[in-house]
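Chains as they are written, first to last, in the working numbering: chain V, 2 to 160; chain F, -15 to 502.
No residue lacks a Cβ here, since even glycine has one placed at the ideal position from N, Cα and C.
This report refers to the structure that appears directly beneath it.
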Amino acid sequence: MNIHLHGADVTERTLAIVGELKGLEGPLLPILHEIQDEFGYVPEECLPVLARELNLSRAEVYGVVTFYHDFRKHPAGRHVLKLCRAEACQSMGGDRLAERAKALLGIDFHETTPDGAVTLEPVYCLGLCSCSPSAMLDGEVHARLDDAELEALVAEARR
Amino acid sequence: MTVKIYIPRDAAALALGAEKVATAMAEAIAARGLDATIVRNGSRGMHWLEPLVEVETAEGRIAYGPVKARDVASLLDSGLLSGGTHPLCLGKTEEIPFLKNQTRLTFARCGVTDPLSLDDYRTHGGLRGLEKAVSMQPAAIVAEVTESGLRGRGGAGFPTGIKWKTVLEAQGAQKYIVCNADEGDSGTFADRMIMEGDPFVLIEGMAIAGIATGATKGYIYTRSEYPHAIAAMSAAIENARAAGVLGASVLGSAHAFDMEVRTGAGAYVCGEETSLLNSLEGKRGLVRAKPPLPAHKGLFDRPTVINNVISLASVPVIMDKGAAYYRDFGMGRSRGTIPIQIAGNVKHAGLYETAFGLTLGEIVDEIGGGTASGRPVKAVQVGGPLGAYFPRALFDTPFDYEAFAAKDGLIGHAGIVVFDDTADMLKQARFAMEFCAVESCGKCTPCRIGSTRGVEVADKIAAGIEPEKNRELLADLCNTMKFGSLCALGGFTPYPVMSAMTHFPEDFAPAPVVEAAE
Chain V
2 MNIHLHGADV TERTLAIVGE LKGLEGPLLP ILHEIQDEFG YVPEECLPVL ARELNLSRAE
62 VYGVVTFYHD FRKHPAGRHV LKLCRAEACQ SMGGDRLAER AKALLGIDFH ETTPDGAVTL
122 EPVYCLGLCS CSPSAMLDGE VHARLDDAEL EALVAEARR
Chain F
-15 MTVKIYIPRD AAALALGAEK VATAMAEAIA ARGLDATIVR NGSRGMHWLE PLVEVETAEG
45 RIAYGPVKAR DVASLLDSGL LSGGTHPLCL GKTEEIPFLK NQTRLTFARC GVTDPLSLDD
105 YRTHGGLRGL EKAVSMQPAA IVAEVTESGL RGRGGAGFPT GIKWKTVLEA QGAQKYIVCN
165 ADEGDSGTFA DRMIMEGDPF VLIEGMAIAG IATGATKGYI YTRSEYPHAI AAMSAAIENA
225 RAAGVLGASV LGSAHAFDME VRTGAGAYVC GEETSLLNSL EGKRGLVRAK PPLPAHKGLF
285 DRPTVINNVI SLASVPVIMD KGAAYYRDFG MGRSRGTIPI QIAGNVKHAG LYETAFGLTL
345 GEIVDEIGGG TASGRPVKAV QVGGPLGAYF PRALFDTPFD YEAFAAKDGL IGHAGIVVFD
405 DTADMLKQAR FAMEFCAVES CGKCTPCRIG STRGVEVADK IAAGIEPEKN RELLADLCNT
465 MKFGSLCALG GFTPYPVMSA MTHFPEDFAP APVVEAAE
């Protein structure tokens, strides 16, 4: 993930992604996912390019980007730790585990550690409700977490 | 003969270490020079036993679990390949009571087959429904589905056949089949398990829906939180296309049908069908007013069938074995089987497919085995974040759409989350409002503003500020949200809130006033 891109690079890559996916029906979400995969977030410079290429207003594109929780306006840390906060995980001590994670990392949800290593995010259900509480670290799922396993996950993320 | 060892690739199994087990097993097989191969199957749904390793023997499949990577050596030492005895041995998989007592129609192959092998799918009865459908008139297919009594398994319980009939009769140059796989409800994982464990059954169901209604294009809209399901589903679609199950000529017939997977972006409300359609079109996931119905003006304003994963995945068995076979299971107006997802603080958590009609108590106490913590069950939330909390006093409620509605609840997508006696129901009610506030699409006022006000009122009750007045206010607010919201998000958030307040009034009692210490 390159987070020090110049405006021209962003425009160029955005145009390439749009070119690739424009033929889809309803292409905006697939394009935004691709942009976030490419840059790690959705840079603001993309928005006018998308609007022009897809014949939308900038307000429409902005509205879509900000509607969905997944799309970031800023780069995340090197690792993203998502903790499930939904009911099934609550029933198995998810709230307490979340407090523990915050304390271990010294940050709150939606924040990134000062060293840029870990971003902590809430997620509402990973579909692992039969083995709660659960978490996802960079796309890898973990379930039936206890304190020791959470500490191991946090340590792995901090590296 | 090469022995088959099954190690699931289901996300729940992976989250419990199945990948490490598979790696250790592959290394051990190679190091010992054994004649064995590893099949990465779906999950059998007994998640307290995951990772569940199975081995194929002359007597049938023998199960071992829960297996950790460090158990691999001792398993092989004990003669795993011939189903040898070991402390983790559970005997024949099919004889494990949790599995044996189920009626698996929709999930017949889940955990049994290699999810990406079309040959395996065929060997286990796959594609028979589609083979029949290609030789039938569309109206006859619709009639078969209608007669089966299948109702929308996403939660609304609308008769699937009626929906299909409307689309069949609608005029449009292009029609769509949209599969709602935006399974965001806590406590539910049936859609995920099918997509990861038997993706071809969903493909087959969607192709049948296409032929029945004249739709040639399908979309599966699923969640970004489900990367494993997306990967499995996409790979299965490619395999199906390569084998001529999808494409310009479905199974060599005159029917064309193709499909693709689309990924949401973390918005719960997109599980609501009209919001989902907007999202698929690349717009904000705002809810649309109905009418027009999606069947008339759906995706890109064209006639669209929008069904849940389980509804569509139940169609192949209906077409294969006939409407009567399916309809004979169940009770009242709830026909067929339902994959109940037992989750949360429960001993035997997992997926249990059975005919409608078991009581909630049977599901939680007998099948689920009570709480995982060993403490008494206090409440169970049925039907996801918008479902009611049921106390023990209502455990005689049979699992049936109408019976749950009669008790001011809903079965929703059939997820059950068990809570022990440490649960604070005021906190759960507050969470329901908070969740609604976070996830509201913002289009209608009762949901957008009501949920935020609901959190504030719940906080006042917790703080002991005019509790009686605020309980009344909360009930009044719930009433407004229930009847004034555009969709089920704002409309059903009152279910968990009101059920918590009605059945657990002690948790809504004023907090003792703490006098200043001076």
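Residue i - containing beta strand (DSSP E), residue span
{"i": "N291 (chain F)", "result": "T288 to N292"}
{"i": "C73 (chain F)", "result": "C73 to K76"}
{"i": "H143 (chain V)", "result": "E141 to H143"}
{"i": "T87 (chain F)", "result": "Segment: none, T87 (chain F) is in no beta strand (DSSP E) and carries neither H nor E."}
{"i": "A20 (chain F)", "result": "A20 to V23"}
{"i": "F374 (chain F)", "result": "Y373 to P375"}
{"i": "M137 (chain V)", "result": "A136 to L138"}
Beta-carbon neighbours of residue i, restricted to chain F and to distances below 7 Å
{"i": "F72 (chain V)", "result": "A249"}
{"i": "H143 (chain V)", "result": "A(-1)"}
{"i": "F68 (chain V)", "result": "A251, R268 and G269"}
Collapsed DSSP secondary structure at residue i in the structure displayed
{"i": "Q325 (chain F)", "result": "strand"}
{"i": "S58 (chain V)", "result": "coil"}
{"i": "L0 (chain F)", "result": "coil"}
{"i": "M9 (chain F)", "result": "helix"}
{"i": "R86 (chain V)", "result": "coil"}
{"i": "I(-11) (chain F)", "result": "strand"}
{"i": "G231 (chain F)", "result": "strand"}
{"i": "E112 (chain V)", "result": "strand"}
{"i": "P50 (chain F)", "result": "coil"}
{"i": "C254 (chain F)", "result": "helix"}
{"i": "C94 (chain F)", "result": "coil"}
Residue(s) in a DSSP beta bridge with residue i
{"i": "V245 (chain F)", "result": "F:I204"}
{"i": "S318 (chain F)", "result": "F:M315"}
{"i": "D404 (chain F)", "result": "F:V361"}
{"i": "A165 (chain F)", "result": "F:T206"}
{"i": "V81 (chain V)", "result": "V:T120"}
{"i": "R45 (chain F)", "result": "F:E40"}
{"i": "M30 (chain F)", "result": "F:G334"}
{"i": "P382 (chain F)", "result": "F:T343"}
{"i": "G399 (chain F)", "result": "F:Q325"}
{"i": "P143 (chain F)", "result": "F:R135"}
{"i": "Y160 (chain F)", "result": "F:K201 and F:T288"}
{"i": "V366 (chain F)", "result": "F:I400"}
Amino acids of chain V, ordered along the chain, whose beta-carbon sits closer than 7 Å to that of residue i
{"i": "K267 (chain F)", "result": "V65"}
{"i": "I125 (chain F)", "result": "Those do not exist, as I125 (chain F) stays about 25 Å from chain V at its closest Cβ, beyond 7 Å."}
{"i": "G171 (chain F)", "result": "E88, A89 and C130"}
{"i": "N329 (chain F)", "result": "S92 and M93"}
{"i": "R176 (chain F)", "result": "G128"}
{"i": "Q365 (chain F)", "result": "E88"}
{"i": "A(-4) (chain F)", "result": "L129, S131, C132 and A144"}
{"i": "S263 (chain F)", "result": "L30"}
Chain V residues whose Cβ lies nearer than 8 Å to that of residue i
{"i": "I326 (chain F)", "result": "S131"}
{"i": "N454 (chain F)", "result": "Per Cβ cutoff of 8 Å: no residues; N454 (chain F) is ~23 Å from chain V at best."}
{"i": "V401 (chain F)", "result": "E88, A89, S92 and C130"}
{"i": "S435 (chain F)", "result": "Here the premise fails: no neighbours, minimum Cβ distance about 14 Å."}
{"i": "L186 (chain F)", "result": "Neighbours of L186 (chain F) on chain V: none; closest Cβ ~15 Å, over 8 Å."}
{"i": "F284 (chain F)", "result": "E26 and G27"}
{"i": "G168 (chain F)", "result": "Y125 and C126"}
Where residue i meets chain F, residues with beta-carbon distance less than 9 Å
{"i": "H34 (chain V)", "result": "S208, T247 and A249"}
8 Å Cβ cutoff, residue i in contact with chain A
{"i": "N292 (chain F)", "result": "Given the protein chain composition of this structure (V and F), no chain A is represented."}
Per-residue contacts from residue i into chain F (C-beta, under 8 Å)
{"i": "G140 (chain V)", "result": "P211"}
Continuous alpha helix (DSSP H) stretch holding residue i: start and end
{"i": "T464 (chain F)", "result": "P451 to G468"}
{"i": "P183 (chain F)", "result": "P183 to T197"}
{"i": "M120 (chain F)", "result": "Taken as a continuous stretch (DSSP letters only), M120 (chain F) belongs to no alpha helix (DSSP H), as it is neither H nor E."}
{"i": "H70 (chain V)", "result": "Segment: none, H70 (chain V) is in no alpha helix (DSSP H) and carries neither H nor E."}
{"i": "K103 (chain V)", "result": "G95 to L106"}
{"i": "G354 (chain F)", "result": "G354 (chain F) -> no alpha helix (DSSP H), and no H or E assigned at all."}
{"i": "P480 (chain F)", "result": "P478 to H487"}
{"i": "I221 (chain F)", "result": "P211 to A226"}
beta-carbon residue i near the ligand NAP non-hydrogen atom, thresh 7 Å
{"i": "V299 (chain F)", "result": "Only the bare structure without any ligand can be found here, which leaves the ligand NAP out of the picture."}
Chain-ordered neighbours of residue i on chain V, where CB pairs are closer than 9 Å
{"i": "P369 (chain F)", "result": "A87, E88, Y125 and C126"}
Legend entry - Contact residues within the region 118 to 138 of chain V, judged by C-beta distance below 7 Å to chain F: V124, Y125, C126, L127, G128, L129, C130, S131, C132, S133 and S135
Legend entry - Cβ-based contacts, 8 Å cut-off: residues of the region 16 to 41 of chain F near chain V: H31, W32 and E34
Legend entry - Interfacial residues, the region 36 to 57 of chain V to chain F, with Cβ spacing under 7 Å: none
Legend entry - Proximal residues, the region 188 to 218 of chain F versus chain V, C-beta separation under 7 Å: S208, E209, Y210 and P211
Legend entry - Members of the region 11 to 29 of chain V that neighbour chain F once the beta carbon cut-off is set at 9 Å: L25, E26, G27, P28 and L29
Inset, instruction - Below 8 Å between beta carbons is the criterion; list the residues of the region 467 to 481 of chain F that meet it against any residue of chain V, in chain order. - result: none
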